[in-house]
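**Q** After the structure tokens below, expect a handful of questions from me.
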Amino acid sequence: NNYIMDLQKIIVQVPINYVIISMSDRLGEWYVPKFGPIRIRALIGLTFYPYTLMVGSLVFLGSLFSKNIHIMRSFYLFITFLICLGVSAHCFDSSAKHSPGPWSDYFSRKFMIIIGFTSLFAGLSFSFYFALFIVHSLIVAGAIEIFFLFSYNLELFNGFFHNNIFLAFSTGSMPIVSGYLIQGGTNIIMIILMLALGYSLLQVQIQASRPYRSLIRGEFIDPVMLAKYYENILKSVVIFSLLFGLLIAISVTGF
Numbered sequence: 001n002n003y004i005m006d007l008q009k010i011i012v013q014v015p016i017n018y019v020i021i022s023m024s025d026r027l028g029e030w031y032v033p034k035f036g037p038i039r040i041r042a043l044i045g046l047t048f049y050p051y052t053l054m055v056g057s058l059v060f061l062g063s064l065f066s067k068n069i070h071i072m073r074s075f076y077l078f079i080t081f082l083i084c085l086g087v088s089a090h091c092f093d094s095s096a097k098h099s100p101g102p103w104s105d106y107f108s109r110k111f112m113i114i115i116g117f118t119s120l121f122a123g124l125s126f127s128f129y130f131a132l133f134i135v136h137s138l139i140v141a142g143a144i145e146i147f148f149l150f151s152y153n154l155e156l157f158n159g160f161f162h163n164n165i166f167l168a169f170s171t172g173s174m175p176i177v178s179g180y181l182i183q184g185g186t187n188i189i190m191i192i193l194m195l196a197l198g199y200s201l202l203q204v205q206i207q208a209s210r211p212y213r214s215l216i217r218g219e220f221i222d223p224v225m226l227a228k229y230y231e232n233i234l235k236s237v238v239i240f241s242l243l244f245g246l247l248i249a250i251s252v253t254g255f
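Each residue of the sequence shown is one higher than the last, beginning at 1 in the UniProt record's numbering.
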């Protein structure tokens, strides 16, 4: 506990103009450009592009577990996730009535909704052909993903789905499974393992981002809670490694 408290003091005592970011101002995030018009910078920040690229790359990871790989299918699905999750989902998140997202200070709710629906339809168009004519299971996967896109970001059903569990499922489990499905994969055991694999990976990102955001805002974090975050990260890394190895073994042996 003393080590954790000392570590927290070191982090928080970094010069305030470098670390502490207003809860409503995300322009200071590490991935947002430090120059240019504010709205352009905010629009880039809105996409959370480092995390969006990470999520989209799971499509390729899922494709690798298939016996036959059609790279263009993976590419189109990758673009679908980039647009739908990177733009549409974050626009809806910032337009939510209950708790507007961090970028609502820079864009009107009407603008967010228009861009949200426009980018959603644009993103889906890249994979529509494959779902309709080649891999029908993608229709089911797409319906599930769209449901969580709306229910999580717009906090539907009194915010029941707005939590880390469903966030990790929709942005971790579904992309990797969709990448497998679009290649024609049908192995149920592989699908179940990939659901868990993607979930554990996103839990690492989620558990790391929560204390990170609190620290850069200068907020105090209970050492016990901070230790719990690290514990969850370690558990997720272990689970991810085990599942990844198991999936490789199954894929190679053709089980």
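No residue lacks a Cβ here, since even glycine has one placed at the ideal position from N, Cα and C.
Thinking C-alpha only, which one of Phe169, Phe130, Ala196 and Leu246 is nearest isoleucine 146?
**A** As a first step, residue 146 must be located in the sequence shown, where it is residue number 146. For the residues Phe169, Phe130, Ala196 and Leu246, the minimum Cα distance to isoleucine 146 belongs to Phe169.
**Q** By the 10 Å Cβ neighbour count, where 16 or more other Cβ atoms means buried, how is threonine 253 classified, buried or exposed?
**A** Sequence index remark: in the sequence shown, residue 253 carries index 253 (1-based). Threonine 253 comes out exposed.
**Q** Report the rounded CA-to-CA distance for glutamine 183 versus tyrosine 76, giving the unit in angstroms.
**A** Position 183 of the sequence shown holds residue 183. Position 76 of the sequence shown holds residue 76. Near 12 Å, if we compare the C-alpha coordinates of tyrosine 76 and glutamine 183.
**Q** For leucine 167, I'd like the list of residues in its chain whose CB is within less than 8 Å of its CB, leaving aside the five on either flank, ordered along the chain.
**A** Indexing the sequence shown from 1 puts residue 167 at position 167. Taken in chain order, the residues that qualify are Tyr152, Leu202 and Ile206.
**Q** For serine 119, which residues of its own chain have a beta-carbon under 8 Å away from its beta-carbon, when the five flanking residues on both sides are left out?
**A** Taking the sequence shown and counting its residues from 1, one reaches residue 119 at position 119. Result list for serine 119: Ile83, Cys84, Val87, Ser88 and Cys91, in chain order.
**Q** Would you say arginine 213 and tryptophan 103 are within 8 Å of each other, going by their C-beta atoms?
**A** As a position in the sequence shown, residue 213 is number 213, starting the count at 1. As a position in the sequence shown, residue 103 is number 103, starting the count at 1. No, the pair does not count as a contact, with Cβ atoms beyond the cut-off.
**Q** Nearest CA to the CA of leucine 43: which residue from Asn158, Asp105, Met72 and Ile69?
**A** Here the question's residue 43 lines up with position 43 in the sequence shown. Nearest option by C-alpha distance: Asp105.
**Q** Taking the beta carbon of serine 241 as the centre, do at least 16 other beta carbons fall within 10 Å, making it buried, or is it exposed?
**A** For this step, residue 241 is matched to residue 241 along the sequence shown. That one is exposed.
**Q** Could you compute how far the alpha carbon of methionine 194 sits from the alpha carbon of tyrosine 51?
**A** Counting from one through the sequence shown, the residue named residue 194 turns up at place 194. Counting from one through the sequence shown, the residue named residue 51 turns up at place 51. Their Cα atoms are separated by approximately 19 Å.
**Q** By the 10 Å Cβ neighbour count, where 16 or more other Cβ atoms means buried, how is histidine 136 classified, buried or exposed?
**A** The sequence position of residue 136 within the sequence shown is 136, counting from 1. The residue in question, histidine 136, is exposed, as its Cβ has fewer than 16 Cβ neighbours within 10 Å.
**Q** Around the Cβ of leucine 234, are there at least 16 other Cβ atoms within 10 angstroms (buried) or fewer (exposed)?
**A** Here residue 234 corresponds to residue number 234 of the sequence shown, with the count starting at 1. Under this definition leucine 234 is an exposed residue.
**Q** Between the alpha carbons of valine 204 and asparagine 68, how many angstroms are there, rounded?
**A** Taking the sequence shown and counting its residues from 1, one reaches residue 204 at position 204. Taking the sequence shown and counting its residues from 1, one reaches residue 68 at position 68. Between valine 204 and asparagine 68, the C-alpha separation is close to 30 Å.
**Q** Go ahead and label leucine 132 buried or exposed: buried means 16 or more other beta carbons lie within 10 angstroms of its beta carbon, across all protein chains shown.
**A** Within the sequence shown, the letter at position 132 stands for residue 132. Exposed, since its Cβ has fewer than 16 Cβ neighbours within 10 Å.
**Q** Sort Gly56, Met72, Ile40 and Ser57 by Cα distance to phenylalanine 107 and report the nearest one.
**A** Translated into the one-based positions of the sequence shown, residue 107 becomes position 107. With distances taken between Cα atoms, phenylalanine 107 lies closest to Ile40.
**Q** For isoleucine 139, I'd like the list of residues in its chain whose CB is within less than 7 Å of its CB, leaving aside the five on either flank, ordered along the chain.
**A** Here residue 139 refers to the residue found at position 139 when the sequence shown is read from its first residue. Contacts found: Ala131.
**Q** Please go through the same chain and pick out, in chain order, the residues whose beta-carbon is closer than 6 Å to the beta-carbon of serine 63, but skip the five residues on each side of it.
**A** Sequence index remark: in the sequence shown, residue 63 carries index 63 (1-based). Correct list, in chain order: Ile69, Ser74, Gly179 and Gln183.
**Q** Could you tell me the alpha carbon to alpha carbon distance between tyrosine 229 and phenylalanine 148, rounded to whole angstroms?
**A** Along the sequence shown, read from residue 1 onward, the residue named residue 229 stands at position 229. Along the sequence shown, read from residue 1 onward, the residue named residue 148 stands at position 148. Spanning the two alpha carbons is a distance of roughly 25 Å.
**Q** State the Cα-Cα distance for the pair isoleucine 189 and asparagine 232, rounded to the nearest angstrom.
**A** Taking the first residue of the sequence shown as 1, we reach residue 189 at position 189. Taking the first residue of the sequence shown as 1, we reach residue 232 at position 232. Using only the alpha carbons, I get a separation of about 25 Å.
**Q** Using alpha carbons as the reference points, say which of Phe78, Ser66 and Tyr31 lies closest to isoleucine 248.
**A** Stepping through the sequence shown from its first residue, residue 248 is reached at position 248. Closest by alpha carbon: Ser66.
**Q** So within the stretch 66-105, which uninterrupted alpha helix (DSSP H) runs reach at least 4 residues, ignoring any that extend past its ends?
**A** The qualifying runs are 71-83 and 90-95.
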